[in-house]
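Undergrad: Next up is a structure, given as structure tokens.
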Amino acid sequence: MVGAELGDSPFFEPAKRDGDEAFAAALREVVGKEIRPAMVRYRDFLEAEYRDRAREVVGVSANPRGEECYAASVRYYTSLELTPQEIHEMGLEKLASIQEEMRAVGRRSFDTDDLPALLAIAREDRRYTFGTRQEVLDYTQAAIDRAKAAVPDWFGFVPKAEVVIRPYPDYQERTGGGFYSAGAADGSRPGIYEIGLFEPEKISKVGLEATTFHETYPGHHLQVSVGLERSGIHPILQYFFFSGTGEGWALYTERLADEMGLYSSDAARLGMLSNEALRAARLVVDTGMHALGWSRQQALDYLLANVAWAESEAAYEVDRYIAVPAQALSYLIGSLEIQRLRSEAEAKLGDRFDIKAFHDAVLEDGTVTLGMLRQKIDAWAAAQGGG
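Going by this note's numbering, the letters in the sequence shown line up with residues 30 to 416, in that order.
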């Protein structure tokens, strides 16, 4: 950010969206004369003064009252009363289950059930990478189109909002993963799915479909657009985002996409399982570092052994967990809770269970806490005659 041209700086983005030349000139001056020099000073402070005095233990539990802090972070991101040890064991158990599914896909389509070999296929096999940036865009758009066409068969309320793909700008394309930004409530601006196109020959098709479904249909774009368009929802809940339900829903839909017949191949299905394995590994690694005394290297080694990522990607992910304790727990914990609610509703209602009505009930109040969602779905099932 410090070395980029002023016009390419992320701090200049508001001027690009606004289009006012006077505003752009004023912002350019502020970025050049105030913001960038301040960032240089901060960078120099971190390098010259802070780094050598920073603690070496990465877990938040090393801080005064750190165990209490981590427990509070777990409640904040999941809204559930779970201990770090319970979460750690949940991650180990779920990861083992997912790996068995990966082996089954491997035997069926890749002539191997060796996990390291399957992870290598997902990471680097050139049969599953792209030749050009346009190929990445076309492949992603095709996945979105398939998902959008299938939505009416699985959801009663189908929002009108569109979603468009936007490549990351140059300063961000090397590190930016798939990311969704909501559109305007009045429909004047579509939802935006940002993706990186840097070195397409190193971008794997294996995980791209699952990530696209997670971020667009039937994941975040559908989820957020329902909140923006549905009448009767409280204005606060239109914009409130609770990670446990929000990210839990998006991960749930990666599995749902398989039920919907959206994955184009077993390679893409392997990507779905690899993505879910990552979320299970997060439960192990996050609690390992912040509650069980793991080092950064232990966490990195665990991810590399169990997730289809290069070392640079895994290192970025570990540093994220260090910086934001417990946030990474919300994906799988939320997904498992939604899956549990669905299974319970199916058992109670039998032939009366309506998948469209269930999905509408999950989404119609926005991303409420997981505890509130459980109350909502229990009441919904009872109203359908489920006891």
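Every residue gets a Cβ at the ideal spot worked out from N, C-alpha and C, and that includes glycine.
(1) Considering only residues of the same chain and omitting the five flanking positions on each side of Y31, which have a CB-CB separation below 7 Å?
(2) To the nearest angstrom, how far is the alpha carbon of T396 from that of A77?
(3) Quick test of your reading: A279 and H243, contact by CB under 8 Å. State the CB separation rounded to the nearest angstrom.
(4) In angstroms with no decimal places, state the Cα-to-Cα distance between R155 and D49.
(5) Are there 16 or more other CB atoms within 10 angstroms of the CB of P264, so buried, or fewer, so exposed?
(6) Taking L302 as the reference, give the member of G256, V314, G236 and V347 with the closest Cα.
(7) Return helix, strand or coil for I262, following the three-state DSSP convention.
(8) Is there contact between the region 322–340 and the region 75–91, where contact requires at least three CB pairs shorter than 8 Å?
(9) State buried or exposed for K234, treating a residue as buried only when at least 16 other CB atoms are found within 10 Å of its CB.
(10) Take R175 as the anchor and find which of A44, F139, C98 and E238 has the nearest alpha-carbon.
(11) How is the beta strand (DSSP E) around S303 delimited, first residue to last?
(12) Have a look at I116 and L332 and give me their C-alpha separation to the nearest angstrom.
(13) Output the distance between the C-alpha atoms of S341 and I221, rounded to the nearest integer angstrom.
(14) Alpha carbons only, please: which of Y197, S217, D215 and G216 is nearest the one belonging to F208?
(15) State the Cα-Cα distance for the pair V180 and G290, rounded to the nearest angstrom.
(16) Does the region 350–357 touch the region 147–154, meaning 3 or more C-beta pairs lie closer than 8 Å?
(17) Let me know the secondary structure DSSP gives S233 once reduced to three states.
(18) In the DSSP output, which residue or residues are listed as bridge partners for G220?
(19) Using the rule of at least 16 other Cβ atoms within 10 Å of the residue's Cβ for burial, across every protein chain shown, is R80 buried or exposed?
(20) Please confirm whether D389 and G185 have their CB atoms less than 9 Å apart.
(21) Using 8 Å as the cut-off, classify the Cβ of H319 as near or not near the heavy atoms of the ligand COA, replying yes or no.
(22) Compare the C-alpha of Q267 against each of E276, G277, G273 and S254 and name the closest.
TA: This is what the structure gives:
(1) According to the sequence as given, residue 31 is Val; it is not Tyr. Correct list, in chain order: R65, M68, V69 and R72.
(2) 43 Å
(3) 5 Å
(4) 45 Å
(5) exposed
(6) G236
(7) coil
(8) yes
(9) buried
(10) E238
(11) From DSSP, S303 is part of no beta strand (DSSP E) but of the alpha helix (DSSP H) over D295 to A320.
(12) 17 Å
(13) 26 Å
(14) Y197
(15) 11 Å
(16) no
(17) strand
(18) V192
(19) exposed
(20) yes
(21) The model depicted lacks the ligand COA and carries no ligand whatsoever.
(22) S254
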